[in-house]
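Single-structure report; data block below.
There are 2 protein chains.
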Amino acid sequence: MRLGSGQRASARERLATHMRRLRADAGLSQEMLAELSGLHRTYIGSVERCERNVSVDNIERIAMALQVDVSDLLAPTY
Amino acid sequence: MRLGSGQRASARERLATHMRRLRADAGLSQEMLAELSGLHRTYIGSVERCERNVSVDNIERIAMALQVDVSDLLAPTY
Chain A
8 MRLGSGQRAS ARERLATHMR RLRADAGLSQ EMLAELSGLH RTYIGSVERC
58 ERNVSVDNIE RIAMALQVDV SDLLAPTY
Chain B
8 MRLGSGQRAS ARERLATHMR RLRADAGLSQ EMLAELSGLH RTYIGSVERC
58 ERNVSVDNIE RIAMALQVDV SDLLAPTY
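Heads up: the protein sequence lines correspond to chains A and B, in order.
Okay, so the first sequence: first residue is 8 according to our numbering, each after it adds one.
Okay, so the second sequence: first residue is 8 according to our numbering, each after it adds one.
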C-alpha cells in the first residue's frame, strides 16, 4: 500500500485490499478464487499486488466469485 | 440497456447509466468530460454505450472528473 498520511487509496489499492480481505474471510486461496472466477491464479495474485489495470468485466467476475456487489470492491478503505 | 424483467444491470451498464446521469446533472458534454478526464471523446461515448471493457484506472479518472467516489460509478441502478 505505502500510503502517506492523508493520502487516499487508489482504486487499484481499494480493489486489492477488499479482495484480500474478502478472500481470507471466505477461506479461499488465490487458486480457489481463480477457479471460481474463471481467471488465472497468477492474474489474481497480480491484482492483489495492485500490478494490474483490471477491466470492469473482470472486476465483475471477481465480485461474483466472492459473492459481493461489484461496487463493494471499490468502496473506500479506512 | 435492454434488460429483461428481474435481470440485474451488468457492471458495464451500471457505469454507463451513472456516467450519463452524472454528466447530464453536471451539464457536461461528452467532449467536456473527455477534456476533464484526459480521455478521448469517442472513448467516453463508447463507454456510455457499454461497448468498452473499461479499466479500473480509467473508471477512476472518470470518477475524479465527475467529482464522485469511484464506487458510486458501479453502484446498483434501479
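Ideal Cβ positions, reconstructed from N, Cα and C, are used throughout, including at glycine.
Only a predicted model underlies this, so the values are computations on that prediction, with no experimental measurement involved.
Inset, instruction - Count the other C-beta atoms from every protein chain shown that fall within 10 angstroms of the C-beta of asparagine 65 (chain B), then say buried if there are 16 or more, exposed otherwise. - result: Around the beta carbon of asparagine 65 (chain B), 16 or more other beta carbons lie within 10 angstroms, which makes this residue buried.
Legend entry - Residue-chain proximity (glutamate 67 (chain B), chain A), Cβ-Cβ < 8 Å: So, interface residue.
Legend entry - Short CB-CB distance (under 8 Å) between valine 63 (chain B) and chain A: At a cut-off of 8 Å between C-beta atoms, valine 63 (chain B) counts as an interface residue with respect to chain A.
Inset, instruction - Mind reading off the beta-carbon distance from alanine 23 (chain B) to cysteine 57 (chain B)? Whole number of angstroms is fine, and I expect it under 8 Å. - result: Right, the Cβ-Cβ distance comes to about 5 Å (below 8 Å), so this counts as a contact.
Legend entry - Pairwise C-alpha distance: alanine 41 (chain A) and glutamate 55 (chain B): Between glutamate 55 (chain B) and alanine 41 (chain A), the C-alpha separation is close to 29 Å.
Legend entry - Check whether valine 61 (chain B) and alanine 18 (chain A) have beta carbons under 8 Å apart: No Cβ-Cβ contact shorter than 8 Å links valine 61 (chain B) with alanine 18 (chain A).
Inset, instruction - Go through its chain and collect everything with a Cβ distance to glutamine 74 (chain B)'s Cβ below 7 Å, but skip five positions before and after it. - result: Apart from the 5 residues on each side of it in sequence, glutamine 74 (chain B) has no Cβ closer than 7 Å to any other Cβ in its chain.
Legend entry - Terminal residues of the alpha helix (DSSP H) in which threonine 49 (chain A) lies: Per DSSP, threonine 49 (chain A) belongs to the alpha helix (DSSP H) from 48–55.
Inset, instruction - Kindly indicate which three-state DSSP category serine 62 (chain B) falls into: helix, strand or coil? - result: Strand.
Inset, instruction - Quick one: using the 10 Å Cβ neighbour count with 16 as the cut-off for buried, is arginine 15 (chain A) buried or exposed? - result: By the neighbour-count rule (16 or more Cβ atoms within 10 Å), arginine 15 (chain A) is not buried but exposed.
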